[in-house]
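**Student:** Just so we're aligned, residue 25 is where the sequence shown starts under my numbering, counting upward by one.
Ideal Cβ positions, reconstructed from N, Cα and C, are used throughout, including at glycine.
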Amino acid sequence: MNTPTAVARPAEAARAMGAAATRTRAWRGVPTWLLLAPALVYLLATFGAPLANTFWTSLTEPEFGLQNYAHIFSNAFYFSVYLRTALVALAVTGLCLLLGYPLAYYMARRGGMAGAALLAVTGLCFWISFLVRTYAWTVILGNRGPYTAFAAWLGIDPAPTLLFTTSASLIAMTHILLPYMVLTLYVVLAKLDPNLIRAAHGLGASRLQVFWRVIAPLSLPGVVSGGLLVFIFCIGFYVTPTLLGSPQDMMIASLIANEVETLLDFGTASALSMVLLAAITLLLVAYDRLIGIQRITE
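#1: Which two residues bound the contiguous alpha helix (DSSP H) that contains W233?
#2: Where does V105 land, buried or exposed, given buried means 16+ other C-beta within 10 angstroms?
#3: Is the beta carbon of S294 sitting closer than 9 angstroms to the one on T81?
#4: Where does N92 land, buried or exposed, given buried means 16+ other C-beta within 10 angstroms?
#5: Nearest CA to the CA of L187: which residue from E285, L114 and P170?
#6: Compute the beta-carbon to beta-carbon distance between A229 and R222, rounded to the nearest angstrom, for a pair I have assumed lies under 8 angstroms.
#7: Residues in its own chain within less than 8 angstroms of I164 by CB, not counting five upstream and five downstream?
#8: Quick check: is the beta carbon of L127 nearer than 9 angstroms to any beta carbon in chain B?
#9: With a threshold of 8 angstroms, are at least 3 pairs of Cβ atoms found where one atom belongs to the stretch 281-298 and the other to the stretch 208-224?
#10: If you measure between the beta carbons of L268 and W151, is that distance less than 9 angstroms?
#11: Can you find the residues in the same chain that come closer than 7 angstroms, C-beta to C-beta, to L201, ignoring five residues on each side of it along the sequence?
#12: Within 10 angstroms of its Cβ, does T264 collect 16 or more other Cβ (buried), or is it exposed?
#13: Mapping the DSSP letters down to three states, classify L252 as helix, strand or coil.
#14: Keeping to the same chain, check which residues put their C-beta closer than 6 angstroms to that of G260; ignore five residues upstream and five downstream.
#15: Are the Cβ atoms of L220 and L194 separated by less than 9 angstroms?
#16: With H, G and I counted as helix, E and B as strand and the rest as coil, what does DSSP make of F174?
#17: Pull up the distance between the alpha-carbon of D312 and that of K215, whole angstroms please.
Written out as structure tokens, the structure is:
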């Protein structure tokens, strides 16, 4: 009685597999550009069009020409702001690497509940708005905040002013961008073959030698990827340096906003944005040449 059913089931499976193969062949016949068209249209509308408009504004405000770019490159003030922004971004990247590498290494090597708990806490940081975290630092570093109370407990009265300084921006941006560095390093460190470490120990290498000769070289792509990610984010930061930093030490994003909101100089603001975009693009091209942009997703 069960024989017809047993025969029917393989036949139904064969028909289903045949139908799936037919659909696969049908999709293969569709041109690649047609499959990419919806995503390309979306990118052109949300990124390409505003970018083209910014570039056009930099050439046409107040009149057509390269006068906005000439004004930027001939003015030492703009160069100093770009340089300050790059130095702050480098400092934040270095601090994130210094703090994030040990944490990522511990998470990757430790494993178990402790590693999973630290990974979950790091991921939870993305659930909190960076604006909220920035405002929290204004409370912490304020005159009546924990920083002042701790300094008084140490006998330092009055405490050195940190709020509305470059140091406050460094602290807050490091706190906000640290999870990006930690997770990027964690992905690379978690993939390290533990047999390589055991083999190095077996050949007589000390822990320090294992780190410098085995772990550090193998984790270099993660260091560069995380550093590049944090550096680019930091260059474009606006809210945190504006709320916590000094007006005399503004970064490039704050300067661009000031050109638009206060001076209504859309041409110079657009030119500043395009120069910044060109610098970041050159940085990405250099990374692609040296390491390969595909290593970020490996």
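**Tutor:** So, from the data block:
#1: Within the sequence shown, the letter at position 209 stands for residue 233. Correcting the residue identity first, residue 233 is Gln in this sequence and not Trp. Unbroken alpha helix (DSSP H) run through Q233: R231 to V234.
#2: Here residue 105 refers to the residue found at position 81 when the sequence shown is read from its first residue. By the neighbour-count rule (16 or more Cβ atoms within 10 Å), V105 is buried.
#3: Here residue 294 corresponds to residue number 270 of the sequence shown, with the count starting at 1. Here residue 81 corresponds to residue number 57 of the sequence shown, with the count starting at 1. Result yes, Cβ atoms of S294 and T81 sit closer than 9 angstroms.
#4: Working through the sequence shown from its first residue, we reach residue 92 at position 68. Result: buried.
#5: Within the sequence shown, residue 187 is the residue found at index 163, counting from 1. Considering only alpha carbons, the answer is P170.
#6: Within the sequence shown, the letter at position 205 stands for residue 229. Within the sequence shown, the letter at position 198 stands for residue 222. With a Cβ gap of about 11 angstroms, A229 and R222 do not count as contacting.
#7: Start at 1 with the first residue of the sequence shown, and residue 164 comes out as number 140. If we look at I164 and ignore the five residues flanking it on each side, its Cβ neighbours are P170 and Y171.
#8: Absence of chain B from the displayed structure is noted, only one protein chain being present.
#9: no
#10: Within the sequence shown, the letter at position 244 stands for residue 268. Within the sequence shown, the letter at position 127 stands for residue 151. Taking C-beta atoms as the reference points, L268 and W151 fail to come closer than 9 angstroms.
#11: Indexing the sequence shown from 1 puts residue 201 at position 177. V116, C120, V254, F257 and C258.
#12: Locating residue 264 in the sequence shown gives position 240, counting from the first residue. When all chains shown are included, T264 counts as buried.
#13: In the sequence shown, residue 252 corresponds to position 228, counting from 1. Looking at L252 - three-state DSSP - the assignment turns out to be helix.
#14: On the sequence shown, position 236 is the one that residue 260 refers to. Apart from sequence neighbours up to five positions away, the residues of its chain that approach G260 with a beta-carbon distance below 6 angstroms are A277, ordered along the chain.
#15: Numbered from 1 along the sequence shown, position 196 holds the residue referred to as residue 220. Numbered from 1 along the sequence shown, position 170 holds the residue referred to as residue 194. No; because the gap between Cβ atoms is not below 9 angstroms, this pair is not in contact.
#16: The residue you call residue 174 lines up with position 150 of the sequence shown. It is helical.
#17: Residue 312 sits at position 288 when you count from the first residue of the sequence shown. Residue 215 sits at position 191 when you count from the first residue of the sequence shown. If I take the Cα positions, the gap works out to 22 angstroms.
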